Structures are given as C-alpha cells and as structure tokens.
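Here the sequence shown stands for residues 6 to 91, where the numbers follow the working numbering.
Using N, Cα and C, we set each Cβ at its ideal position, and we do this for glycine too.
What you are looking at is a predicted structure, and each value in this text was computed from that prediction instead of being measured.
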Amino acid sequence: MTDNMFDLDGKVALVTGGSRGLGREMVLAFARAGADVVITSRKIDACEAVAQEVEALGRKSTSHLVSFLKQVSAAASWRKEAKFSP
C-alpha cells in the first residue's frame, strides 16, 4: 500500500467551512495529497491562518470570507485568481 492513496496534483479543492474543525483537516489533507486549496469561512482571519499552513506544505492557497448564501459565488470567484489559472 502506498503512503498517499490519492494523487491530487494539478487539482484545486474548494472547502467551505475550512477554517477549523473537520473543514480544516480536509483542507490540510487535500494539500498533503497535492491539491491547491480555496478556503472559505465566515472568519477571514481563521481562513488566512489555515492558508499559511497549506502554503507551508508547498501548495497554493487562497481564502475567502463568505456566508452560506454566498458559497456559489465563491466557487466562481476562485477561477478568476491568477495563481490558479492554468
């Protein structure tokens, strides 16, 4: 069995509620598997702290302040960011 069951190199994961708890753990798992990560939460300071952890793992990350009603627009907005463009 390999150490990494999932290879997410070249992928971008969008995690809502990614600043703490299970969401934070999912963000870090995606990053360890090779994905760049978009982190959304209602608390931007917490998002930015997790983004720094992701970047320390050698992956790209961005954080967005969103409420539940704005989740859909967050999914569209990350594509506009230059650092996630192909």
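Under 8 Å by Cβ, that's how I've got residue i and residue j pegged, so tell me the actual separation to the nearest angstrom.
{"i": "residue 47", "j": "residue 70", "result": "7 Å"}
{"i": "residue 23", "j": "residue 45", "result": "6 Å"}
Would you check if the distance between the CB atom of residue i and the CB atom of residue j is smaller than 8 Å?
{"i": "residue 55", "j": "residue 40", "result": "no"}
{"i": "residue 60", "j": "residue 33", "result": "no"}
What residue does the beta strand (DSSP E) around residue i start on, and which one ends it?
{"i": "residue 17", "result": "17-21"}
Going by beta carbon distance, what residues of the same chain come within less than 8 Å of residue i, once the five residues before and after it are set aside?
{"i": "residue 3", "result": "Residue 3 falls outside the range modelled here, since the chain spans only 6 to 91, and no answer is possible."}
Can you give me the Cβ contacts of residue i inside the same chain, cut-off strictly under 7 Å, excluding the 5 residues immediately before and after it?
{"i": "residue 31", "result": "20, 23"}
Can you check the region 29-68 for any beta strand (DSSP E) of at least 3 residues that lies completely inside it and give the ranges in chain order?
-> Annotation: the region 29-68 contains the following complete segments of the beta strand (DSSP E) (minimum length 3 residues), in chain order: 41-46.
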